[in-house]
Amino acid sequence: MTDRADSIAEKSSGNFSLPLIDPEKENRLRRKLDLIVLPIATLCYALNFLDRGNIGNARSAGLVTDLGLHTYDFNIGTSLYYVTYLIFEIPLALLIKRVGFIVVPISSAVFFLSIDKRLMAYSSILMFGLVTLGTAFIDGRGGFYATRVLLGLTEAASMPGISYLLTRYYRRNELTSRVGCFMLIAAGSAGGFGGLLAAGLLRVGQIGSRSSWQNIFLIEGIITIAIGLVLIPIFPTDPERTRILNEEERRLAIARMYADQPQIKDTKEGVNRSLVKRGILDVTTLTCVWLYIVDNLSVQGLGIFLPSILKLNYPEASTVRIQLLVVPIYATATIVALLFTIGCIKLRMHWPFSVTGGLMTIVGYSIWISTDSTAKQSRYAACFLNLTGGFINGPVVLGWAASNASPDTIRAMVGAVVSGLGGIGSIAGIWAYIQTDAPTGYHKGNSFNLAMASSLCVGALGLLFYQRRENWKRDLGARDYRLQQENVEQLGNLHPSFRYIY
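Numbered by the UniProt record's numbering, the letters in the sequence shown go through residues 1 to 502 in order.
In structure tokens:
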């Protein structure tokens, strides 16, 4: 923050005095948060990703044939998940802000009425674990559609809840690396573990009357439910009330939030409709929504169809080998993307990493389009580039939006708005890979992804120029007039002392 911004913050804070923070104590607290809050958040999202993405493994294990699904039935069913997810994510994000983080391990929309707000009902992890378990027992198209809708409903609280949780414990410049950790480790471990588990179950074959694809849902559902039961009593709540910190640590955690944004007098104001509207229509939020839509188009499409794409590349390979070929792609994407998020925190920048991820995706899809089925190694390498580029942009874009979101209502919403509306890209990604296009190597889908990845690079550069220009204007005092209006404490990212982290 510039000297001018510091001066403005002091003037606008009135009699409010910023607490003094001992750097050594803050480092100890940060380490504790990294050892408790971050692993729990990562585990929650890993279960979410595992139960969402196992449909691709089940497809390659015979789900489509056993359920009698026709040409577009699988695409319709997977789309229903994201449509439901998109509809409920923002309302659940506002509910999380109103009643607290307990809504993440506890409850989904169906169970909200007549229940103590602190305990809500059942864990959302338990709920989507039960849905996953139930998927093992479906026997037709109707059951497939129903379970995908229920899974979208029960998982809708996870991403906005976890994102908001991290904004309440970490400073703005710490967010992107933490968002990157929980998203990348979760997605990478879930994708890799899901592939290994599917390969193992396929080797075992049919157990009793259950087919291999049914066993995938059965085992993963049981794992999710068991972990959900353990997480309910230990899931961290708001830093003002959490039991994972002692009284001194709670005061320090709150002081960190004040010090990070001194223009904000109250770290957790009530839900305000005007702030909700402003948060949705904010330039940074809307741009990040577009970037996330484009990123999801690639990542979620690959997350579901990667085994099918690899089967096209290696038609002679067994289903078990295809599942094993998935694992190194996820492992590489996770490691590289984690290094990029570390770069974000070191340089306090987002745009160069977002653009680089987009360029990697462009190169990957260009390879697929410009080669034929004989270029197996090149196309396999392209899968690494495509998923790695997508993995880079997921946490970078979400961290870009979250680190520039203020005040608290907008912070609570931004994760839901970006990831929720980003679900549009997931739906489009599903329809980018349709069975009738498989003989061409999914040429249409790859061309579509290539064009959209190009727009991601343009969008990231556009947001960079907008935020740099805004910071420059605030340095010149062109936004000081906002201090004359009412409710200055709710200006948040519009405050003259606020500087965008681009």
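Note that beta-carbon positions come from the ideal geometry of N, C-alpha and C, so glycine has one too.
Out of A259, G134, T356, the CA that lies nearest to the CA of T224 is found in G134. In terms of CA proximity to P239, E249 leads the group E249, P233, L231, V230.
Out of N446, G425, P395, L324, the CA that lies nearest to the CA of V363 is found in N446. Here R31 carries a helix assignment [DSSP, helix/strand/coil]. In the three-state scheme derived from DSSP, where H, G and I count as helix and E and B as strand, I501 is classed as coil. I138 carries a coil assignment under DSSP once its states are collapsed to helix, strand and coil. When the beta-carbon positions are compared, T361 and A453 come within less than 8 Å of each other. For a cut-off of 8 Å, the C-beta gap from L291 to G459 is around 5 Å, short enough to register as a contact. From the listed residues I162, Q435, I293, the smallest Cα separation to L69 is found for Q435. Proximity to Y466 across T237, A382, L94, V283 peaks at V283, based on C-alpha coordinates. A check of alpha carbon separations from G394 across M183, L286, P160, L20 identifies M183 as the nearest. No residue range can be given for G208, since it is assigned to no alpha helix (DSSP H) and is classified by DSSP as neither H nor E. Secondary structure of S373 (DSSP, three-state): coil. In this structure, the beta-carbon distance from L229 to L126 falls below 8 Å. Contact between the region 313 to 321 and the region 371 to 386 is present: 3 or more CB-CB pairs across the two stretches fall below 8 Å. Look at R321 here: in three-state DSSP terms it is helix. Beta-carbon to beta-carbon, Q484 and P407 are separated by about 19 Å, too far to satisfy the 8 Å threshold. Taken in chain order, the whole alpha helix (DSSP H) runs of length 4 or more contained in the region 150 to 189 are 158 to 169. Secondary structure at D480: helix, using DSSP grouped into helix, strand and coil. With a beta-carbon spacing of about 6 Å, S177 and C344 fall inside the 8 Å limit used to define contacts.
Counting along the chain, the unbroken alpha helix (DSSP H) around R468 starts and ends at 443 to 475. The region 44 to 72 is shown to contain no whole beta strand (DSSP E) run of 3 or more residues. Going by beta carbons, T341 and T388 fall outside the 8 Å limit.
Under the DSSP assignment, Y292 falls in the alpha helix (DSSP H) whose first and last residues are 283 to 313. Excluding the 5 residues flanking it on each side, W213 has same chain C-beta neighbours closer than 6 Å at A58, A61, G62, L63, in chain order. For I367, the closest C-alpha among the options N449, L29, S211, R273 is that of N449.
Comparing alpha-carbon positions, the option among Q300, A401, H443, P328 lying closest to I369 turns out to be H443. Inter-segment contact for the region 158 to 176 and the region 294 to 305 is absent: fewer than three beta-carbon pairs are separated by less than 8 Å. Counting other Cβ atoms within 10 Å of its Cβ, N48 reaches 16 or more and is therefore classed as buried.
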